[in-house]
Amino acid sequence: MSADMTADDFFESLTGFDEIAIKQHFGASVSNLKDEPMDFMRALVFVAERREGKTDIQAKDAALTLTVREVLAYFPAEMDAGKAQ
221 MSADMTADDF FESLTGFDEI AIKQHFGASV SNLKDEPMDF MRALVFVAER REGKTDIQAK
281 DAALTLTVRE VLAYFPAEMD AGKAQ
């Protein structure tokens with residue numbers, strides 16, 4: 221699975237419910253996770269997987285089992301996102 225928007229755009233799409241879920245499952249607010257880039261990206265993957273219909277536990281497992289390379293490739297680069305539209 222991969223997202224169809226950049227990580228920045230996806231971050232801006234977070235709802236309050238997403239933020240609460242991140243805090244519950246990652247132990248920190250999404251704004252605090254920005255200091256840890258991989259944790260931040262995994263939290264975004266977690267939300268993307270939830271939006272695809274996975275339970276919170278399944279979504280967290282999906283985010284945590286990805287390799288670093290897979291996490292970095294999950295969201296397209298700015299240039300690639302423009303091509304998808």
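According to this note's numbering, the sequence shown holds residues 221 to 305 in order. Here a beta-carbon is modelled for each residue, glycine too, at the ideal position from N, C-alpha and C.
What are the boundary residues of the alpha helix (DSSP H) that T292 is part of?
The residue given as residue 292 occupies position 72 in the sequence shown. It is worth fixing the name first, because residue 292 is Leu in this sequence and not Thr. From DSSP, the alpha helix (DSSP H) with L292 extends over 288-294.
Buried or exposed, going by whether 16 or more other CB atoms sit within 10 Å of the CB of D255?
Along the sequence shown, read from residue 1 onward, the residue named residue 255 stands at position 35. Exposed, because fewer than 16 other Cβ atoms sit within 10 Å of the Cβ of D255.
Best match in A263, E232, G236 for proximity to H245 [C-alpha to C-alpha]
Position 25 of the sequence shown, counted from the first residue, corresponds to residue 245. Per the Cα distances, A263.
Distance check for D229 and Q278, CA to CA, integer angstroms please.
By one-based count along the sequence shown, residue 278 stands at place 58. By one-based count along the sequence shown, residue 229 stands at place 9. About 23 Å.
With distance defined between alpha-carbon atoms, name the residue in V250, M225, D224 nearest to T235.
Residue numbering aside, residue 235 sits at position 15 when the sequence shown is read from its first letter. It is V250 whose Cα lies nearest to the Cα of T235.
What's the call for R270, buried or exposed, on a 16-neighbour Cβ count within 10 Å?
Against the sequence shown, residue 270 aligns to sequence position 50. Buried, since its Cβ has 16 or more Cβ neighbours within 10 Å.
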